[in-house]
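Right under this line is the structure:
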């Protein structure tokens, strides 16, 4: 059975109601609509969705990981100088534009790294966790993705996402144009992205987000109608889900004063909801743990905690890994220097409905899901494989 996976970035489980999302409610009559389990994975959520494995197995976790040491050549130094100059600009948006421009000039054939404001002197020390889009051949090395399986069985797929699409309102017309050319794939991967930035800016306020949510509902309705009209008897499964939700930000923590108190040689990375440290000095690692153990809202994740969260325990997660409680953020961090967010995701533990991702499927897909709750992104992968005729996972 053909299938369309529609991923809506940051669609919180708390946003969905009949008043705002009649399209989703109609789709899931007799099916399933509800929250998914939180996945503490950042970049690794997409890898889990298309492999059925958790980050501890597929190895993709944060947006960035430490880079192996290499000699910095003059084009790299020149690029870093341009970024250092751009970082003197007054607004984050301008600083990011400079970084995107430099990245595109330096590596026009590569997937652009997630927008970041990593200090220029630390940039050579980190690389993106994913070097190519998940749908490319062998994107996760020896681990086969759903796209690798589709290729192996000579099934077709279509991608409707950045950089092909820059704005959500372009999605349905693009899909309609593909269908008009006779493109009728077995699998669609379609990504809506506008809601994430709005959630960070406004917080998960249904009242403030209502206009955007109603617009999204209309876009989903038009897209689903277009897809179903193209397949005989409307014969295409529809899966709508999000990668994560959006939690209210209640307090901010400035890490810089704490860093100044620690003496020694270490590398660090500041995500909004996670601190990572690397050091070859065990005594310094112990000092870092002691330094942050007393800070309210921070939790040091030892190996047992990492295994429980099903995240890697290798260099990507750091020698010292510290997670923030839901509702707290590091600010400033390596992604924001101004305008602190009102909404955030990427927490190790989520207790609020707003912070949970969402899943909506019709009755046929629902029949392929397990009875236990909460469901996971890996469960969605398994159900999609079955409906696509790829069989039960091994």
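Numbering (the working numbering), first residue to last: 525 to 918. Here a beta-carbon is modelled for each residue, glycine too, at the ideal position from N, C-alpha and C.
query, result
"Spatial neighbours of residue 577 in its chain, beta-carbon cut-off 8 Å, leaving aside the 5 residues before and after", "571, 667 and 902"
"Paired residues, beta bridge with residue 763 - DSSP", "529 and 885"
"Classification of residue 619 by the beta-carbon crowding that lies within 10 angstroms, buried from 16 upward", "buried"
"Test item: CB-CB of residue 559 and residue 543 under 7 Å", "no"
"Residue 647, buried or exposed, once every other Cβ within 10 Å from all chains shown has been counted against 16", "buried"
"Candidates 674, 812 and 603: closest to residue 712 by CA position", "674"
"Cβ contact check for the region 686-705 and the region 742-753: 3 or more pairs under 8 Å", "yes"
"CA-to-CA distance, residue 892 to residue 627, given in whole angstroms", "42 Å"
"Buried versus exposed call for residue 669 [16 or more other C-beta atoms within 10 Å across all chains shown]", "buried"
"Spatial distance of residue 557 from residue 803 (CA atoms)", "45 Å"
"Buried versus exposed call for residue 663 [16 or more other C-beta atoms within 10 Å across all chains shown]", "buried"
"Extent of the continuous alpha helix (DSSP H) run through residue 844", "Looking at the DSSP string, residue 844 is not in any alpha helix (DSSP H); the run it does join, the beta strand (DSSP E), is 844-848."
"Cβ shell of residue 630 (< 6 Å), same chain only, five flanking positions each side left out", "603"
"Inter-stretch contact at 8 Å, needing at least 3 Cβ pairs: the region 721-734 / the region 780-789", "no"
"The region 647-656 / the region 574-594 touching (three or more Cβ pairs under 8 Å)", "yes"
"Secondary structure of residue 905, DSSP reduced to three states", "helix"
"CA nearest to the CA of residue 831, picked from 693, 581 and 820", "581"
"Per-residue DSSP class, three states only, for residue 818", "coil"
"Among 825, 883 and 617, nearest to residue 767 - alpha-carbon criterion", "883"
"Which listed residue (811, 807 and 822) has its alpha carbon closest to that of residue 775", "822"
"7 Å Cβ shell around residue 611 - same chain, five flanking residues per side excluded", "619 and 644"
"Given residue 566 as reference, the closest of 876, 681, 835 and 864 once Cα atoms are compared", "835"
"Span of the alpha helix (DSSP H), counted from its first residue to its last, around residue 732", "730-754"
"Backbone secondary structure at residue 652 - three-state DSSP", "strand"
"Residue 801 (DSSP reduced to helix, strand or coil)", "strand"
"Beta-bridge pairing of residue 867 - partner residues as DSSP gives them", "772"
"Continuous alpha helix (DSSP H) stretch holding residue 874: start and end", "Run containing residue 874: none; DSSP gives neither H nor E here."
"Cβ shell of residue 798 (< 6 Å), same chain only, five flanking positions each side left out", "847"
"Reference residue 764, options 826, 745 and 784, closest by Cα", "745"
"Check whether residue 723 and residue 867 have beta carbons under 7 Å apart", "yes"
"Bridge-paired residues (DSSP) for residue 711", "527 and 681"
"Proximity below 7 Å, CB of residue 562 to CB of residue 874", "yes"
"Selected residue, minimal CA-CA separation from residue 688, among 795, 914, 530 and 714", "714"
"Cβ-Cβ distance between residue 607 and residue 597 below 7 Å", "no"
"Residue 770 vs residue 534 beta-carbon contact at 7 Å", "yes"
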